[in-house]
Each structure stands twice: as structure tokens, then as C-alpha cells.
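Numbering of the sequence shown is given in the working numbering, commencing with residue 8 and proceeding in unit increments. Ideal Cβ placement from N, Cα and C applies to all residues, glycine included. Owing to the predicted nature of the structure, the values given are computational and were not obtained by experimental measurement.
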Amino acid sequence: MSMSSEARLAQLEARLQALSDREAIREALYSYCRGIDRGDEAALRAAYWPDATDRHGAYQGSAEGFIQAALPQLAKGRYIHNIANLSIHLNGDAAAVEAYFLAYQTDTDAAGAPRATFLCGRYVDLFTCRATATAEREWRVARRVVVYDWQDIWSAPTQDEATRFGRRLPIGARAPDDPWYALMREVAMPASP
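In C-alpha cells, the structure reads:
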């Protein structure tokens, strides 16, 4: 027995909604990474619901508390996060999400010596979809557990970035000075007549 056109349309709409939901979840994960890497508080906050929780290494508590603790640290080093394997299991307005990450971080050790840390792990997240003042459907992290799978610590480069990068310009920067933000400002401007 063939499916009615109404049933096919409903099935197509459900598939389209699932694709849209998955893309919104990916964008929230990328927003978190940009927030950390560029010290962009708005991007970082956009990844979490205001009542979200985060278990992040030694930190366990509200996402707000994590953000408040992280922001001052972000100014002290260089952070690069990449999302790799991604598994999204949708169930209505909730989703179980596992995102593998690779993270490179620079800071100083207890003695004040520069160090670089390479971390591999997974964000094991409960995402929820809610209506907001600006969107009928928005996906954000409601609960995060960061699972660590690999860590390696090295001595960080001692040369300044201008010396190390040489002619390779521009060098990544914190918000709003990074080239990404210049592009976003350009795109947001009305087109010339």
C-alpha cells in the first residue's frame, strides 16, 4: 500500500525539522568553541541555557559559574578548540549529544613557566529546545559533562607570536579584534546601492 501524499509531506517535514535541529545543535557547539577561543562572552553564553549545569574538570556547578571562572583565564593564554566526531540523538525537545573535541591551550604552570596543554575528550551534553524572545525554537546545552580521554603537556613557545608567525598574517585574536568579527560586521551592514 502506498503512502498518501499527506503522510509523505508529514514525513518530509519531520525529516526537515530533524535536520534543522541537528544544525542548530552543531552551531551551539561551535558557538561555545568560538566563545572560549576568542574570549567572546556573548558566544559562550549563547551555547548554554541560563539554568544549565557544567561538570568541567575540577569545576562542577552552574554554567554561569563556569563562564565567570573561565572568562578571566581566557585572557591569559591561547585556546584552540575543534569539534570532531559528533553524535546527536533527538527525542522531541531533548537531545543526547556527544561531541569529540581537540583542544590546545597555553597558560603557565604553578612556577609561572609557560606551558601548552593538548587535550582530547568529549562533551557529553543534554541539549534542550525552548522558545526564546527571539526564536520559536532554540537549542542550547542544559547539562554538560566534559569527559577527558587524553592529555599531553609541553613547554610553550617562548617567542612572541609576531616572531613565531612571521609573515603569516593575520594572527588570531580575541573578540572583537579577530578577523571573524570584522567579517561579521561587514556582512551585517546593508548592501551599497
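Neighbourhood of Tyr155 by C-beta distance below 6 Å, restricted to the same chain and skipping five residues each side: Gly128, listed in sequence order.
Cβ-Cβ distance between Glu71 and Pro57 below 8 Å: yes
As assigned by DSSP and simplified to three states, the class of Asp61: strand
Nearest-angstrom Cα separation, counted from Gly179 out to Gln166: 16 Å
DSSP three-state assignment for Glu105, whether helix, strand or coil: strand
Per DSSP, cross-strand counterpart(s) of Leu176: Per the DSSP secondary-structure output, Leu176 pairs with nothing in a beta bridge.
Residues sharing a beta bridge with Phe73, DSSP: BP columns for Phe73 are empty, so no partner.
Endpoints, the alpha helix (DSSP H) within which Arg29 is located: Ser12 to Arg45
Own chain residues within Cβ distance below 7 Å of Glu193, not counting five before or after: Hits under 7 Å: none found.
Rounded C-alpha distance that separates Tyr138 from Asp100: A quick correction: the sequence has Ala, not Tyr, at residue 138. Going from the Cα of Ala138 to the Cα of Asp100 covers about 10 Å.
Ser12 classed as buried or exposed, judged by whether at least 16 other C-beta atoms fall within 10 angstroms: exposed
Reduced DSSP category for Gln80 - H, G, I as helix; E, B as strand; rest coil: helix
Alpha-carbon to alpha-carbon, Ser27 and Arg147: Rounded to the nearest whole angstrom, the C-alpha separation of Arg147 and Ser27 is 14 Å.
heavy atom of the ligand ADP below 7 Å from Trp157 C-beta: Inclusion of the ligand ADP in the displayed structure is not the case, the ligand content being empty and no account of it being possible.
Buried or exposed (CB count within 10 angstroms, at least 16 for buried), Tyr39: buried
Cβ of Tyr66 within 8 Å of any chain D Cβ: In the structure shown, chain D cannot be found, because there is only a single protein chain.
Distance between beta carbons of Ala182 and Gly46, contact taken as under 8 Å: About 6 Å; that satisfies the 8 Å criterion.
The segment 61–76 touching the segment 86–94, judged by at least three CB pairs closer than 8 Å: no
Phe243 burial status per 10 Å Cβ neighbour count (16 or more: buried): As displayed, the chain neither begins before 8 nor continues past 200, which places residue 243 out of reach and without an answer.
Straight-line Cα distance separating Ala102 from Gly84: Cα-Cα distance, rounded: 33 Å.
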